[in-house]
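Participant:
Protein chains in written order, with the numbering used here: chain A, 1 to 417; chain B, 418 to 834.
1. If the criterion is Cβ atoms closer than 8 Å, does the pair residue 397 of chain A and residue 278 of chain A meet it?
2. Residue 305 of chain A: buried (16+ other C-beta within 10 angstroms of its C-beta) or exposed?
3. Enumerate in chain order the residues of its own chain whose CB-to-CB distance from residue 403 of chain A is below 7 Å, with the five nearest sequence positions on each side excluded.
4. What in chain B is Cβ-close to residue 79 of chain A, meaning under 7 Å?
5. Which residues, in chain order, does the segment 298 to 322 of chain A contribute to contact with chain B at a C-beta distance below 9 Å?
6. Within the continuous beta strand (DSSP E) that includes residue 640 of chain B, where are the two ends?
7. Verify the CB distance criterion: does residue 253 of chain A have a CB-CB separation below 8 Å to chain B?
8. How would you label residue 86 of chain A, buried or exposed, when you count the other beta carbons within 10 angstroms and need 16 or more for buried?
9. Take residue 800 of chain B and list the residues in its own chain whose beta-carbon comes closer than 8 Å to its own, dropping the five residues that flank it on each side.
10. Starting from the C-beta of residue 251 of chain A, find all residues in its chain whose C-beta is less than 6 Å away, skip the five residues before and the five after it, and write them out in chain order.
11. Of all the alpha helix (DSSP H) runs that stay within the bounds of the segment 297 to 382 of chain A, which reach a length of 4 or more residues?
12. Taking 8 Å as the cut-off, decide whether the C-beta atoms of residue 329 of chain A and residue 313 of chain A are in contact.
13. Counting only beta-carbon atoms, is residue 488 of chain B nearer than 8 Å to chain A?
14. Give me the residue from B:653, B:634, B:687 and B:567 with the minimum Cα distance to residue 665 of chain B.
15. Among A:263, A:163, A:69 and A:194, which has the Cα closest to the Cα of residue 117 of chain A?
16. Spatial neighbours of residue 242 of chain A within its chain, please: C-beta separation below 8 Å, excluding the five flanking residues on both sides.
17. Counting only beta-carbon separations shorter than 8 Å, does residue 534 of chain B have a partner in chain A?
18. Please report the distance separating the alpha-carbon of residue 324 of chain A from that of residue 709 of chain B.
19. Identify every run of the beta strand (DSSP E) within the segment 418 to 506 of chain B, keeping only runs that are complete inside it and at least 3 residues long; order them along the chain.
20. With 8 Å set as the bound, which would you pick, yes or no: does the beta-carbon of residue 441 of chain B sit closer than that to a beta-carbon of chain A?
21. So residue 842 of chain B contacts chain A; which residues on that side make the cut at Cβ distance below 7 Å?
22. Can you pull the chain A neighbours of residue 810 of chain B, defined as C-beta to C-beta under 8 Å?
23. Do the segment 110 to 124 of chain A and the segment 87 to 94 of chain A meet, that is, are 3 or more Cβ pairs less than 8 Å apart?
24. Would you identify the three-state DSSP class for residue 829 of chain B, choosing helix, strand or coil?
25. Quick check: the segment 27 to 40 of chain A against the segment 97 to 115 of chain A, are at least 3 beta-carbon pairs closer than 8 Å?
26. Output needed for residue 546 of chain B: all residues of its chain with C-beta closer than 7 Å, excluding positions within five of it in sequence on either side, in chain order.
27. Can you give the beta carbon distance from residue 144 of chain A to residue 57 of chain A, rounded, assuming they're within the 8 Å contact cut?
28. What's the C-alpha gap between residue 654 of chain B and residue 795 of chain B?
29. By Cβ distance below 7 Å, which residues in the same chain neighbour residue 408 of chain A in space, the five residues on each side in sequence not counted?
30. Whole angstroms is fine: what's the gap from residue 284 of chain A's alpha carbon to residue 511 of chain B's?
31. Over the uninterrupted alpha helix (DSSP H) stretch that includes residue 206 of chain A, give me the two end residues.
32. Do residue 355 of chain A and residue 705 of chain B have their beta-carbon atoms positioned less than 8 Å apart in this structure?
33. Exposed or buried, what is residue 78 of chain A when buried is set at 16 or more other beta-carbons lying within 10 Å of its beta-carbon?
34. According to the neighbour-count rule (16 or more other Cβ atoms, all chains shown, within 10 Å of its Cβ), is residue 588 of chain B buried or exposed?
35. If you draw a straight line from the alpha carbon of residue 517 of chain B to that of residue 435 of chain B, how long is it in whole angstroms?
36. Going residue by residue through the segment 540 to 569 of chain B, where are the continuous beta strand (DSSP E) segments of at least 3 residues, counting only ones entirely within it?
See the structure below:
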């Protein structure tokens, strides 16, 4: 089956918002062997929307529309489907009830304008939205199946997961299987160099890399007549990649660095605390992103000012005076005191210069000392390493936080760092 | 003039890469009064590329193609233009020289495959690429002007800045100006309801809303013959919107909630600390995202465990036992102790249930108590409010953090909350 993905919105066509929905949908569809013919983005305009839907339904068996489902006057996807199919919009009482209940849970009355979101083209299937007000629409148009979802990414993804992908079963006809191995700690070109021949085109199983926020993902893609063959090819390439990349690999698919630390802490009954200066809470935020973090993450200190490093963590003021706040000694003291005060088993501490101001020749922007604190047989130890991260304030903080969390992972795995 | 923007690439159509080029081009073009009709993305395929270009050239005076200009066998944009215009590809010796020199500067020999990048359709203008190997192509196709650039964003942007935008002068013909007012604290439909008639289509100045992670942005767009007229129309609508939305508006354009708090703290010489449970460092992270935060943000406590609330912040253990960790009293105690211990002027504290587990009938997932602590004339006070945020763990934490930061903003502005 072929798919076309349409996105509708003035904010997209004016360039104020980047459309990430279409890429997400295409990536998921390709996992199920459904190839996307094209993506098209048009403005909040009934005529343009109808023309785009009509063209798509003539070319593809599956047409997915995102956007234009909000409650305001410029949200016109419902009207466009009504016009395309020549069916009037009817009120769908269960959706109206669901929207009312949504507002009630927020202790707010439903604005009158939201009533339009419960209007659907006659003869369509109405799709529940667990996380927002606008229901989705599923409708047969000629030989095509058309889906319309809100443009809000998490609402759209939830509904696509629930209503579209279950329609496809892997293993019919040519099968495409993609496996992703996530790595941290080396750049994309270094990973590519280590992979060497494995990345050559012409193999039946393709190996490629993508990079996003410091995480280099190795994608392994195989297209074979049967799922069993696919899995066999993928498994053999995964093994070869693992041999070449070793501990750089932290997980597969959706696995994250904090998720891996959470899993290892659960298995090994360890509890973690953090002490942050330049990252200002980012490491704690990343760790507590993981559901159930309270069983292993005790919390931490954001000692952004030097005074708080002393009064709250107990780092000696004269140590800070002598060595500077951004130093091996202060990073180790932060990690050590964090363990002492909290009773946790493992800690990381970070102190550095995130910029854009505050750098010097000796201590340039991007310099970060990261310390790991451990408690073994009742003895607390801390050791630190110096890093120099390139890029913007945001990049420096992100890479520093991930480096600290990766160090927790390696320590929990008892790998030498 | 109308524009169509095409992007070409298997990685786009397979969803491995999000196309940000089209949004960037549209945003820039709209500054020059050039409206984009649509964006379309197709695979690395000559037939699909030719069809997309043909359709675009029939509809728009300006067609911009990005991607498919690399040196490998699946880069086919050059061939597609050649086929569309029925002109052969000729070698362009100055481009070949430039590409050779590019590799020489890296101390590397030019791979043979790169020679294809110096091939251009006969009769086209060849556009220099300062930052990469592939030259761009400019060609008249029927009544349209077609540009083709590499898909690498910084190469494409550099070439568009150099070769496209100078063709348009602001102030000639219709001018488009867009202003954005950012709001927090009400949903999109509530904002729309308050705006009422202002959002009706048919005004010469259009008012629309977009929503992203709880921030509802009101976009005001005017198209007029001169910049002065545009600015006048925009100013009058901005005033009307401000009258209707009041303190819901926190900033314009790129302004953020933490950025506003940073600005107000600077102006009013206030210092902030945070005490977080369920948000686990997210509020501290958002505040310290702002460059120069060290002048007003002292730091905070991530007291994720109850023990840390007691040992580190000094919240009485029997208060937690009696009221529960997620309570008015504990939120206020956290905010108050944070001020006492740090000497800061303002604090926020958050305690709640971010889920997905841990909820109960009395204290459901999404329940968050947020407290504001103030120090005035040496007296510390704290008051809390109860919120119930819908959505995922990530959404609940995001909205809670933003609500707390918005409360800091309103307090700094001396607005009643």
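Where a beta carbon is used, it is the ideal one built from N, C-alpha and C, also for glycine. Everything numeric in this text was worked out from a predicted model, so none of it was measured.
Facilitator: According to the structure data:
1. Yes, the pair counts as a contact, with Cβ atoms nearer than the cut-off.
2. buried
3. Closer than 7 Å at Cβ, skipping near neighbours: 370 and 387.
4. Chain B residues near residue 79 of chain A: none, gap ~12 Å exceeds 7 Å.
5. 298, 299, 300, 301, 302, 303, 304, 305, 307, 308, 309, 311 and 312
6. Run containing residue 640 of chain B: 632 to 641, per the beta strand (DSSP E) assignment.
7. no
8. exposed
9. 749, 788 and 789
10. 182 and 260
11. 306 to 311, 317 to 323 and 328 to 342
12. Residue 329 of chain A is not a Cβ neighbour of residue 313 of chain A, given a cutoff of 8 Å.
13. no
14. B:634
15. Ranking A:263, A:163, A:69 and A:194 by CA distance to the CA of residue 117 of chain A puts A:69 first.
16. 181 and 249
17. no
18. The alpha-carbon atoms of residue 324 of chain A and residue 709 of chain B are separated by roughly 18 Å.
19. 419 to 425, 452 to 459 and 479 to 483
20. yes
21. The requested residue 842 of chain B does not occur in the structure, where chain B is confined to residues 418 to 834.
22. 289 and 291
23. yes
24. helix
25. no
26. 552, 553, 567, 572 and 576
27. 4 Å
28. 43 Å
29. Within the same chain, residue 408 of chain A has close Cβ partners 261, 272, 346 and 348.
30. 54 Å
31. Segment 205 to 212 is the beta strand (DSSP E) holding residue 206 of chain A; no alpha helix (DSSP H) there.
32. Not closer than 8 Å, so no.
33. buried
34. Per-residue confidence for residue 588 of chain B stands at a pLDDT of 47, beneath the threshold of 50, marking its modelled position as unreliable; the derived number appears in the next sentence. Label assigned to residue 588 of chain B: exposed.
35. In this structure, the alpha-carbon of residue 517 of chain B lies about 31 Å from that of residue 435 of chain B.
36. 542 to 544, 553 to 558 and 561 to 566
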